[in-house]
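Undergrad:
Protein chains: 2
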Amino acid sequence: MKAEIITIGDELLLGQVIDTNSSWLGQYLNKLGIGVHFKSTISDSREAITNALLEARHRSDVIIITGGLGPTKDDITKITMADFFNTELVLNQQVLDWVQSIFTKRNLPLIDSNNQQAMVPKNCEVLWNKNGTAPGMWFYENGKAFISLPGVPFEMKTIFEEEAIPKLKSHFNFPAILHRTIQTIGIGESFVANKIIYIEETLPKHIKLAYLPSIGSVRLRFSAYGEYMDMLNKELIPIIHELYNTIGEYIYGEGDDSISEVVGKLLRNKNATLSTAESCTSGFLAQMITSIPGSSDYFIGSIVSYANRIKMDELNVPAEIINTVGAVSEECVIAMAQNLKAKFKTTYAIATSGIAGPGGGSELKPVGTVWIALASPNGTVAKKYNMGDNRERTILRTSLTSLDILRKELLMSN
Amino acid sequence: MKAEIITIGDELLLGQVIDTNSSWLGQYLNKLGIGVHFKSTISDSREAITNALLEARHRSDVIIITGGLGPTKDDITKITMADFFNTELVLNQQVLDWVQSIFTKRNLPLIDSNNQQAMVPKNCEVLWNKNGTAPGMWFYENGKAFISLPGVPFEMKTIFEEEAIPKLKSHFNFPAILHRTIQTIGIGESFVANKIIYIEETLPKHIKLAYLPSIGSVRLRFSAYGEYMDMLNKELIPIIHELYNTIGEYIYGEGDDSISEVVGKLLRNKNATLSTAESCTSGFLAQMITSIPGSSDYFIGSIVSYANRIKMDELNVPAEIINTVGAVSEECVIAMAQNLKAKFKTTYAIATSGIAGPGGGSELKPVGTVWIALASPNGTVAKKYNMGDNRERTILRTSLTSLDILRKELLMSN
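Spelled out as structure tokens, the structure:
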């Protein structure tokens, strides 16, 4: 079964609104083993909608259309679909009652454009929209399903899950597809690829590997296609096992795990606490750690020592260090981490100091030079990095790398 | 001139990555007066890419393709494009030198898959990628331009702006279009719209107003279409003037100004300094302030007092306050701001304390309750907000609101 998604709306083409509906639909269908093989975004025009429907009918079995169902006059999906199926719009009394009840409940006057919501193509089945006034629509013709949904995300999602999916399951066979996503950190895409090419090359044809890189990390996604989930799962186990053997040190989690979440769990399991002394990351690391709900269980706080005098006054970095080797140095981050650990009485303390740029670089310490230290019950370690010449990325990479250093320490001391 | 965008990647179809590239491109082209009339997302397969290129050639004059240029073997855009144009891949020595220099600088070994980045279709012109190893490509045939760009957003954006746009301008006619963007903060979209509807209703037909809302702020973009930039500019002046008269208190800047930038300039002009005492924002505010290069001129540092004991030990918040009215209170944020201002010896200090959720709410202080204080040479003020029930948005809104409070204080005391 081949599915495609058509999103309608000039605001999407203009980039004024980012289309999250089609990603959500793609994920949802993918989990059910249905591959979305094509997505398109078109304008609110009859011609564009008709063309898209004509092409989709040749290409796909299930066509999901979002948007263009509101009461304003630029929304013409409904009448265009009626024409496409050679039928007309008729009043649906149930929908009309529903729309009227919503307006009555909210004490709003019902104007004519709201009543229009109850007009639907004669050949469609209404997909009930319990969260709004625009009904979804299901069309089934010659073995192809067309599902039209409103563009408002929470309305679209509920209708799709509760109304459209049961209909799809009764009309189509759902294949088995299994995904396993492995999260790596601290190794670039091409280096991972090089290390595991021998695994990739021996994958059976029905198992695919995709590299999904983002700044500082790479996700590896295995997708297995077949008939029986149990069998696919069994097939993936030795492959994933081999992956851990080869690049295990870079793997920090699976699925949707974030490094902050993984580190948080390890800290919680140990009843350990954490603090950060941040110069170049300037709070970015603290906010990354606390993006996880409940992080107050292990995260105590941070001193962002942007000015050198704060490093001296609050983190007791000796003036001598600042004046001789400078703030971006092994000595400085070690003092920052050790002294914060003592001051905040935490099990672990991370310190960062670097030159995020664009200014401040020198021959000896170019932009991107970063020192990271971790103070732990086993002592303090520090390491130097070059994070490149982009300010934002240097801050992000430094924060991710810091958390990965802590993760490894937490695993080692288990 | 009709433009379309093709984004390539199974991860986009699967919804594992949200496509922000095409929104960015749509916005960028729209600003230049070029309408994107079609967008599609296709899989990493030769067939899908070839079909998309064939259809695009009939439909559009400018075809922008993103993704599929990485060094791993699932990336096959380049070879498919070479076939599409009946040519072959050839080595580009300049690109090879560049790729090698990047690896040398970072002390990384160069493996064969990296060298592959220097192979490009014979008929293309390379669009230089100064941020990465995958070159962009420009193809021009029968009056149609095909622009292939890497999928990594910051690489894609720089290549498009610096390399592709000049080429487009030399091959196509761009209409005259003038934009003025006004940045507002602290007022919702429908409220702005209501206040300025009388301006909107009297706009001449060739001047359009778009509302571009994001969390905590709304941009108002006026677009004037015509023949002469000078005339368009003159026409916009009284309109913008009227806007300032009506909603001036909410306007913090124009164009691409960020609130951090605007506040930074005001601080710098006054030779003033700033520090932050953060609980619920947990470093987010500090990193927002320091996202601006050169912010070390006025930003001294932050104490992230996530645990109450840090509020007491480091910010001298009396235990009595924590034990009676609690950490999310007027008394607490006032103490935090005043004491940090004194401790860090800064002109201004901002304090935040709130319940970001999802846990920690109560009848009296529901999730989203936030107190913000500003300590300044004129004394300390504090205010309570409800920022809603989403953790991420509460942190962002609190940080933006804090900066807006400081902005207003800086303007008042001018």
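Going down the list, the sequences are from chains W and P.
155 is the number that my numbering gives to position 157 of the first sequence; each next residue is one higher, with no gaps.
199 is the number that my numbering gives to position 201 of the second sequence; each next residue is one higher, with no gaps.
Just so it is clear, CB atoms sit at the ideal spot from N, CA and C, and this is done for glycine as well.
Which value, in whole angstroms, describes the spacing of the CA atoms of W/R307 and P/K341?
TA: Using only the alpha carbons, I get a separation of about 12 Å.
Undergrad: Is the Cβ-Cβ distance between P/T345 and P/T288 less than 7 Å?
TA: Their beta carbons are not under 7 Å apart, which means P/T345 does not touch P/T288 by this criterion.
Undergrad: Taking 7 Å as the cut-off, decide whether the C-beta atoms of P/E139 and P/A54 are in contact.
TA: No, Cβ-Cβ distance for P/E139 and P/A54 is not below 7 Å.
Undergrad: By Cβ distance below 6 Å, which residues in the same chain neighbour W/A373 in space, the five residues on each side in sequence not counted?
TA: For W/A373, where only same-chain residues beyond five positions count, the Cβ hits under 6 Å are A335, Q336, K339, A347.
Undergrad: Does DSSP classify P/T5 as helix, strand or coil?
TA: In the structure shown, P/T5 sits in a strand (DSSP, three-state: E or B).
Undergrad: CB-CB under 7 Å to W/L176, same chain, minus the five flanking residues each way: which ones, in chain order?
TA: Closer than 7 Å at Cβ, skipping near neighbours: A222, M227, L230, N231, L234.
Undergrad: Please go through the region 192 to 262 of chain W and give each complete alpha helix (DSSP H) segment of 4 or more residues, from N-terminal end onward.
TA: List check, alpha helix (DSSP H) in window: 195 to 199, 227 to 245.
Undergrad: Per DSSP, which one or two residues make a beta bridge with P/I287?
TA: None, per the DSSP bridge assignment.
Undergrad: Go ahead and pull the three-state DSSP assignment for P/N384.
TA: Residue state, collapsed to three classes: strand.
Undergrad: From W/E361 to W/Q285, what does the alpha carbon distance come to, in whole angstroms?
TA: For W/E361 and W/Q285, the distance between alpha carbons rounds to 32 Å.
Undergrad: Could you work out which residues of chain W lie near P/S303, taking near to mean beta carbons separated by less than 7 Å?
TA: Simply G299.
Undergrad: How far does the beta strand (DSSP E) with W/M(-1) in it reach, from first residue to last?
TA: Here W/M(-1) belongs to no beta strand (DSSP E), and DSSP marks it neither H nor E.
Undergrad: So within the region 116 to 202 of chain W, which uninterrupted beta strand (DSSP E) runs reach at least 3 residues, ignoring any that extend past its ends?
TA: Within the region 116 to 202 of chain W, the complete beta strand (DSSP E) runs of at least 3 residues are 117 to 119, 123 to 125, 134 to 139, 142 to 147, 174 to 183.
Undergrad: Can you tell me the Cα-Cα spacing of P/F82 and P/T48, whole angstroms?
TA: Distance between the alpha carbons of P/F82 and P/T48 is about 7 Å.
Undergrad: Using the C-alpha atoms, what's the distance from P/P316 back to P/N243?
TA: Roughly 45 Å separates the two Cα atoms.
Undergrad: DSSP three-state label for P/S38, please.
TA: Strand, per DSSP.
Undergrad: Please decide whether W/K71 counts as near chain P, where near means a Cβ-Cβ distance under 7 Å.
TA: In this prediction, W/K71 scores a pLDDT of 48, lower than 50, which makes its location untrustworthy; the coordinate-derived value is nonetheless stated afterwards. No, no contact with chain P.
Undergrad: Cβ of W/L12 less than 7 Å from any chain P Cβ?
TA: Interface residue, yes.
Undergrad: Please report whether the beta-carbon of W/N49 lies at a distance below 7 Å from any beta-carbon of chain P.
TA: By this cut-off, W/N49 is not an interface position.
Undergrad: Go ahead and label P/E86 buried or exposed: buried means 16 or more other beta carbons lie within 10 angstroms of its beta carbon, across all protein chains shown.
TA: It is exposed - the Cβ of P/E86 has fewer than 16 other Cβ atoms within 10 Å.
Undergrad: Reducing DSSP to helix, strand and coil, say where W/L272 ends up.
TA: Strand, per DSSP.
Undergrad: Identify the residues that DSSP records as bridge partners of P/G352: which are they?
TA: The partner list for P/G352 (beta bridge, DSSP) reads P/V368.
Undergrad: Taking P/I308 as the query, report the chain W residues whose CB atoms sit under 8 Å from its CB, ordered along the chain.
TA: In chain order: I298, G299, F342.
Undergrad: Could you have a look at W/K71 and say whether DSSP puts it in helix, strand or coil?
TA: Its pLDDT being 48, under 50, W/K71 is placed unreliably by the model, and nothing is read from it.
Undergrad: Please compile the residues from chain P whose C-beta is within a distance smaller than 8 Å of the C-beta of W/P173.
TA: Simply none; closest approach about 15 Å.
Undergrad: Under a three-way DSSP split, which group does P/A46 fall into?
TA: Of the three classes helix, strand and coil, the one that applies to P/A46 here is helix, per DSSP.
Undergrad: At a Cβ cut of 7 Å, what residues of the region 99 to 115 of chain P count as close to chain W, listed as they run along the chain?
TA: The residues in question are R104, I109, S111, N112.
Undergrad: Using CA coordinates, which residue listed in P/Q25, P/K37, P/G7, P/K29 is at the minimum distance from W/H35?
TA: The shortest Cα separation from W/H35 among P/Q25, P/K37, P/G7, P/K29 belongs to P/G7.
Undergrad: For P/V97, which residues in the same chain have their Cβ closer than 8 Å to its Cβ, ignoring the five residues on either side in sequence?
TA: Within the same chain, P/V97 has close Cβ partners L108, N112, N113, Q115, A116, T131.
Undergrad: Select from the region 380 to 400 of chain P all residues with a C-beta closer than 9 Å to any C-beta belonging to chain W, and list them in chain order.
TA: Residues passing the 9 Å Cβ filter: R389, E390, I393.
Undergrad: Quick check: the Cα distance between W/I185 and P/V379, rounded to an integer number of angstroms?
TA: So the alpha carbons of these two residues sit roughly 48 Å apart.
Undergrad: So, at 7 Å on beta carbons, what are the nonlocal neighbours of W/D387 in its own chain, with the 5 sequence-adjacent residues on each side left out?
TA: Closer than 7 Å at Cβ, skipping near neighbours: G355, V365, G366.
Undergrad: What would DSSP say about P/F342, mapped onto helix, strand or coil?
TA: In the structure shown, P/F342 sits in a helix (DSSP, three-state: H, G or I).
Undergrad: Verify whether the separation of the beta carbon atoms of W/S273 and P/G281 is less than 7 Å.
TA: Going by C-beta atoms, W/S273 is not nearer than 7 Å to P/G281.
Undergrad: Once the 5 residues before and after W/L409 are set aside, which same chain residues still bring their CB inside 8 Å of it?
TA: Cβ within range, chain order: L264.
Undergrad: Write down the C-beta distance between W/F158 and W/L23 rounded to the nearest angstrom, noting that I regard them as a contact closer than 8 Å.
TA: Indeed they touch by this definition, with Cβ atoms about 7 Å apart.
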